[in-house]
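Enquirer: Chains A and B supply the protein sequences, listed in that same order. By UniProt numbering, the letter at position 169 of the first sequence is numbered 169, and the numbering carries on one by one without gaps. By UniProt numbering, the letter at position 164 of the second sequence is numbered 164, and the numbering carries on one by one without gaps. C-beta atoms are modelled at their ideal positions from N, C-alpha and C, and glycine is treated no differently. Take this structure, written in structure tokens, and hold onto it; I'll ask about it next.
2 protein chains.
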Amino acid sequence: MERADAARNRRAILRATEELLSTHDLSQVSMDRVAAAAGVGKGTVFHRFGNREGLMRALVESRVQELSDAVESGPPPLGPGAPPAERLAAFFDAVIELASRNVKVMAAFEQASTDRLSSPIYVSWHAHVTGLLQAAAPSFDADLIAHLLLGSLHSDLMLHLLRTGETDRLAAGLRSMIETLLR
Amino acid sequence: MERADAARNRRAILRATEELLSTHDLSQVSMDRVAAAAGVGKGTVFHRFGNREGLMRALVESRVQELSDAVESGPPPLGPGAPPAERLAAFFDAVIELASRNVKVMAAFEQASTDRLSSPIYVSWHAHVTGLLQAAAPSFDADLIAHLLLGSLHSDLMLHLLRTGETDRLAAGLRSMIETLLR
DNA sequence: CCCAAACTGGACCATCGGTCAACTTACGCC
DNA sequence: GGCGTAAGTTGACCGATGGTCCAGTTTGGG
């Protein structure tokens, strides 16, 4: 069980981190500053989240939960039921939308992460895409192509495109690419 | 003009950095250690390369020069002359080969880099791929697709695949993807 | 040979992520 | 309602890092 004050602090820390990320440059958001902004001691932050990576992962996870639910048990075309090709397209649309609304958070996580490809989120997304790809185009090396497609969501590119408000272009481009691949 | 001793130190520093990267974990390769391994003072390293990013970029550039030359003025299919689709395939084969032989260096550069997409190397590769893509498939958003394809070379994925000796799979997968796209 | 410019080295600095031991607080239980 | 204790909190502290600075050394053109 988590004590009430602990839960309150956890939320305060997450909120403060997000706030700092959205108003300051990533390199300016140190653990000290997060603690100060959240109104807690630095020790508390580490006690709660283990390390910087843990903090950022928790932040990403809080933003990603909704999507995971929709994919696992929501209505088609995102959830089960629709043809694989349509689910794929819907999934990438959804992830791009999510990522563009949270670029800073994603970037912070990537930067703090020692092994992106092993993070639970990446693993689950990769498994999902691989599955759909296998169903839609059995002749492909689905596992690999899934990596390639997911690589498009790297925060580098997202930031680059977001700066000029072109995230629609990314969605459209990826969509047409998937379409062409599966034809 | 660069003085003789300065040139000697520059080479020693680059050699030492590479040596350290190949034998130690990336996080263990600090600027102090590089300086010590090269047998020079830390100040010299910074005087020469400005900062960590500059060091790593110089290292990557030294490894990439050969490929750039081959692309600009070497024999087809890598150099000018061959049909765009073939040049594209040849280019990615070459880059993957290069990257797999220098993963550690690439990873170090990416990690030290504040803005990968603006680095001269990325920019020139992106321009090259965009040009070929435009010629081979005018209906695509070449600029964007070029970003997506180049994203496949991220050191994350390269490291992941290299650990199990699967870089051929990457080359093959990317090749089939390009082929499918241009058909 | 001489001297200005280029280069060098390493002590020094601010800052960072992370630890820890002393202290405080919440809450299940009687 | 009080109480004991497990859980939580804190900030001083630590070692390491990237980067600065300047007093001293070296180089090579005139």
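1. Report yes or no: do the stretch 119 to 131 of chain B and the stretch 106 to 121 of chain A share at least 3 C-beta pairs separated by less than 8 angstroms?
2. Is the Cβ of A/HIS128 closer than 9 angstroms to any Cβ of chain B?
3. How many Å lie between B/ARG10 and B/ALA112 at the Cα?
4. Starting from the Cα of A/ASP168, find the closest Cα among A/ALA6, A/ALA85, A/ALA142, A/LEU153 and give me that residue.
5. For B/ARG169 and chain A, any beta-carbon pair shorter than 9 angstroms?
6. Taking DSSP as the reference, what is the three-state secondary structure of A/PRO75?
7. For A/GLU110, which residues in the same chain have their Cβ closer than 8 angstroms to its Cβ, ignoring the five residues on either side in sequence?
8. Tell me, which residues are paired with A/PRO80 by DSSP?
9. Can you pull the chain B residues whose beta carbon is under 9 angstroms from the beta carbon of A/LEU162, in chain order?
10. Can you list, in chain order, the residues of its chain with a C-beta nearer than 7 angstroms to that of A/PHE49? Leave out the 5 residues immediately preceding and following it.
11. State yes or no: is the C-beta of A/LEU162 within less than 9 angstroms of the C-beta of A/SER100?
12. Our contact map puts A/ALA136 next to A/LEU170 with C-beta atoms below 8 angstroms; I'd like the distance itself, whole angstroms only.
13. With H, G and I counted as helix, E and B as strand and the rest as coil, what does DSSP make of A/GLY151?
14. Buried or exposed: where does B/THR23 fall if 16 or more other Cβ atoms within 10 Å of its Cβ makes it buried?
15. Taking CB distances under 9 angstroms as the criterion, tell me whether B/GLY54 reaches chain A.
16. Would B/HIS126 and B/ALA146 be called neighbours here (beta carbons separated by less than 9 angstroms)?
17. Considering just the uninterrupted stretch of the alpha helix (DSSP H) at B/SER118, what are its terminal residues?
18. If contacts are defined as beta-carbon pairs under 8 angstroms, then B/ALA38 and B/ALA12 qualify, I think. What distance do you get, rounded to the angstrom?
19. Just the Cα atoms here: how many angstroms apart are residue 215 of chain B and A/PHE140?
20. My output table needs one value for A/THR17: the three-state DSSP class, helix, strand or coil.
21. Establish whether the CB of A/THR180 and some CB of chain B are separated by less than 9 angstroms.
22. Using a 10 Å radius around the Cβ and a threshold of 16 neighbouring Cβ atoms, would you call A/HIS128 buried or exposed?
23. Measuring CB to CB, does A/VAL29 end up less than 9 angstroms from A/THR44?
24. Which chain A residues are close to B/ILE145, counting only those with a beta carbon under 7 angstroms from its beta carbon?
25. Taking CB distances under 9 angstroms as the criterion, tell me whether A/HIS24 reaches chain B.
Expert: According to the structure data:
1. With a cut-off of 8 angstroms, the stretch 106 to 121 of chain A and the stretch 119 to 131 of chain B do not count as touching, because too few Cβ pairs lie within range.
2. It does not; no Cβ of chain B falls within 9 angstroms.
3. Answer to the nearest angstrom: the Cα atoms are 19 angstroms apart.
4. If we check each option's Cα against that of A/ASP168, A/LEU153 comes out closest.
5. True, the Cβ-Cβ gap to chain A drops below 9 angstroms.
6. A/PRO75 falls in the coil class under three-state DSSP.
7. So the list reads ARG116, HIS154, SER155, once near-sequence residues are dropped.
8. When beta bridges are read from the DSSP output, A/PRO80 appears opposite A/ALA82.
9. Neighbours of A/LEU162 in chain B, taken as residues at a C-beta separation under 9 angstroms, are lacking, since the least C-beta distance is about 12 angstroms.
10. Around A/PHE49: LEU55, ALA58.
11. Cβ distance < 9 angstroms, so A/LEU162 and A/SER100 count as in contact.
12. Rounded to whole angstroms, the Cβ separation of A/ALA136 and A/LEU170 is 21 angstroms, and the two are not in contact under 8 angstroms.
13. Residue state, collapsed to three classes: helix.
14. Taking a 10 Å sphere around the C-beta of B/THR23, we find fewer than 16 other C-beta atoms and assign the residue as exposed.
15. For B/GLY54, the answer is no, since every Cβ of chain A falls outside 9 angstroms of its Cβ.
16. Taking 9 angstroms as the cut-off, the Cβ atoms of B/HIS126 and B/ALA146 count as close.
17. No alpha helix (DSSP H) contains B/SER118, which DSSP labels as neither H nor E.
18. Their Cβ separation, rounded to whole angstroms, is 4 angstroms, which keeps B/ALA38 and B/ALA12 in contact under 8 angstroms.
19. Lying before the first or after the last residue shown, residue 215 of chain B is absent from chain B, which here runs from 1 to 183.
20. Reduced to three states, the DSSP call for A/THR17 is helix.
21. So yes, A/THR180 belongs to the interface.
22. A/HIS128 is buried by the Cβ-count criterion.
23. Contact: no.
24. Ordered by position in chain A, the residues that pass the 7 angstroms Cβ test against B/ILE145 are GLY173, MET177.
25. No, A/HIS24 lies away from the interface with chain B (no Cβ there is under 9 angstroms from its Cβ).
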